[in-house]
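Only one structure is covered here, and it is reproduced in the block below.
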Amino acid sequence: MSEYQYYEFQSLDRPLTEKERAEIGSWSSRTTPTSTQAIFTYSYGDFPRDEKKAVEKYFDAMLYLSSWGGKRLMFRLPRALVEAKALQPYCSFGDVTLSTTKNHLLLDIFFDDEEGRGGWLEGEGWLSSLIALRNDLINGDLRMLYLAWLHSLNREYEIEEQAQELEPPVPLGLKSLNAALKSFIDFFEIDGDLIAVASRASAEKPSKAELDWERAVAKLSKKEQSDFLVRLAKGEHNLNQSILKRLRELSSNKPASFTLQKGSRTVGELLREAREFAEQKEEKRQHKERQEKIARVNALVAQEPELWNKVLQRINLRKPKAYDEAVSILKQLREAAEHLEQVDRFNAKIAQLQRDHSTLFGLKSRLKRAGLGSNSAGRR
1 MSEYQYYEFQ
11 SLDRPLTEKE
21 RAEIGSWSSR
31 TTPTSTQAIF
41 TYSYGDFPRD
51 EKKAVEKYFD
61 AMLYLSSWGG
71 KRLMFRLPRA
81 LVEAKALQPY
91 CSFGDVTLST
101 TKNHLLLDIF
111 FDDEEGRGGW
121 LEGEGWLSSL
131 IALRNDLING
141 DLRMLYLAWL
151 HSLNREYEIE
161 EQAQELEPPV
171 PLGLKSLNAA
181 LKSFIDFFEI
191 DGDLIAVASR
201 ASAEKPSKAE
211 LDWERAVAKL
221 SKKEQSDFLV
231 RLAKGEHNLN
241 QSILKRLREL
251 SSNKPASFTL
261 QKGSRTVGEL
271 LREAREFAEQ
281 KEEKRQHKER
291 QEKIARVNAL
301 VAQEPELWNK
311 VLQRINLRKP
321 KAYDEAVSIL
331 KQLREAAEHL
341 EQVDRFNAKI
351 AQLQRDHSTL
361 FGLKSRLKRA
371 GLGSNSAGRR
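With the first letter of the sequence shown counted as 1, position 248 gets the number 248 in the working numbering; the numbers rise by one all the way through.
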């Protein structure tokens, strides 16, 4: 299997200029950048630039995916709208990093997992399914970052020294995730058991309360109102987010969805709870499987005479398809016999069946393949 690397960049806050598109297009013959997007794919070779510097200068989002398990998501966030100190607690293990430029924060999530569970993935479409998370971060929704922090715990052998470290603040709403967050979990293959136990400490997000916009706007000073209008006339990027942020600050009924609960569990506790949860889930699955088998066997026992008659009817048709149907019924009857500890009785009936139809070689070969032949019967 050949190597595969996929890089996708998107510009969200403003379109790329023709000059910028020409510069980006000169990096590789593998891309034809648009005003909002550039995609690079490689079977051999690699991206010829520093991805972080490319995002810093031109783009607002980047996604990377490789066939050997490397997965990366990067967002460029306006510093005027996002406080670094709110994001920093989720960057404790090195898989999630935060750097600062003059006007932006660069949030970089990178996991290199050679034992990824999902197999081969194509890159197309992933960034579009995740892009809403950038706006969520700008609006104060930190659930994505908490999930990324959780994913770092999966490499338990690397974080033994951090076992007593407390979890970061727990966002509301971990029990009810939106489509973008579910895509984030799927993309990075985050452990569902770990999410389940972590979400126990996350209260539900309250229904979205409408801000009293008129009252909040009335609290703006004349200077602020004038400043916002001038910036609007100049076409400032993200001005709507700046205005909303300021109005939320002035509102008396701030959205509760931005509330965080102080983390109280240690890394070790979360990992232990996740293991226990997985064990309990497996026990429930096995119990359900046993109960279903018992019900299935009981139904077979109740129909045993009728099923043996069906077997004989199918055999007497002397057609390949009918033989297959007969063997399928016999396999069900064997399951019932094993459950009832009546295998000897079942084997005796199979032996008699073979004697009665000793010239039907098509049937005999099928019985043998299914482990129902004379040798198999003798072993049982």
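Beta carbons are placed, not taken as given, at the ideal position from N, Cα and C, and that holds for glycine.
Quantities reported herein were computed from a predicted structural model and do not represent experimental measurements.
Which residues does DSSP list as the beta-bridge partners of residue i?
| i | result |
| --- | --- |
| P171 | L260 |
| T97 | D108 |
| A38 | F9 |
| F75 | A61 and L107 |
| S66 | Q5 |
| T266 | L166 |
Are the beta-carbon atoms of residue i and residue j separated by less than 8 Å?
| i | j | result |
| --- | --- | --- |
| T41 | Q10 | no |
| L81 | K245 | yes |
| V297 | E341 | no |
| K175 | S152 | no |
| H357 | I294 | no |
| P89 | P169 | yes |
| W126 | L65 | yes |
| Y58 | E20 | yes |
| L105 | A86 | no |
| F188 | F93 | no |
| L8 | G173 | Checking the displayed sequence, the identity of residue 8 turns out to be Glu instead of Leu. It is not a contact, given that the beta carbons lie outside the stated cut-off. |
| H237 | R72 | no |
| Q291 | I138 | no |
| G263 | L107 | no |
| A299 | V311 | no |
| I350 | L317 | no |
| S35 | L16 | yes |
Please work out which residues of its chain come closer than 7 Å, Cβ to Cβ, to residue i, disregarding the five sequence neighbours upstream and downstream, and give them in chain order.
| i | result |
| --- | --- |
| F361 | none |
| F184 | L130, L133, M144 and L147 |
| T101 | E56 |
Excluding sequence positions up to five away, which residues of its chain have a Cβ less than 8 Å from the Cβ of residue i?
| i | result |
| --- | --- |
| R345 | A337 |
| L150 | I190, D191, L194, I195, A198 and L270 |
| A216 | L247, R248, L250 and S251 |
| E3 | Y42, S43, Y44, S66, S67 and W68 |
| V393 | Nothing can be reported for residue 393: it is not among the residues displayed for the chain, which extend from 1 to 380. |
For residue i, collect the residues of the same chain with a Cβ closer than 6 Å to its Cβ; drop the 5 residues on either side in sequence, then sort them by chain order.
| i | result |
| --- | --- |
| L142 | P171 |
| V55 | M62, M74 and R76 |
| A148 | V96 and I109 |
| A274 | D193, L194 and V197 |
| R231 | L239 |
| D113 | G69 |
| D212 | none |
| A322 | R314 |
| Q37 | Q10 |
Original post:
Does the stretch 122-136 come close enough to the stretch 218-229 to have 3 or more Cβ pairs within less than 8 Å?
Top reply: At 8 Å Cβ cutoff, the stretches do not touch.
*Would you say the stretch 296-306 touches the stretch 260-279, given that touching needs at least three Cβ pairs under 8 Å?*
Fewer than three pairs of CB atoms, one per stretch, sit closer than 8 Å, so the stretch 296-306 makes no contact with the stretch 260-279.
Practice item. State whether the stretch 23-38 contacts the stretch 48-58, with contact taken as three or more CB pairs (one from each stretch) at a distance under 8 Å. Key: At 8 Å Cβ cutoff, the stretches touch.
request  = Could I get the ranges of all uninterrupted alpha helix (DSSP H) runs contained in the stretch 2-35, with 4 residues as the minimum, in chain order?
outcome  = Note on the stretch 2-35: whole alpha helix (DSSP H) runs with a minimum of 4 residues are 18-25, in chain order.
Tell me, please, whether the stretch 353-368 touches the stretch 323-341 by the rule of three or more beta-carbon pairs shorter than 8 Å. At 8 Å Cβ cutoff, the stretches touch.
Quiz prompt | Within the stretch 128-166, ranges of the alpha helix (DSSP H) (whole runs, at least 4 residues) | solution = Qualifying alpha helix (DSSP H) stretches, in chain order: 132-138 and 143-152.
* What are the complete beta strand (DSSP E) segments, minimum 3 residues, inside the stretch 271-296? -> If only uninterrupted beta strand (DSSP E) runs of at least 3 residues are considered, none is enclosed by the stretch 271-296.
Which parts of the stretch 299-350 are runs of the alpha helix (DSSP H), unbroken and 4 residues or longer, counting only runs that do not cross its ends?
Residue ranges of uninterrupted alpha helix (DSSP H) with 4 or more members, entirely inside the stretch 299-350 and ordered along the chain, are 304-317 and 320-339.
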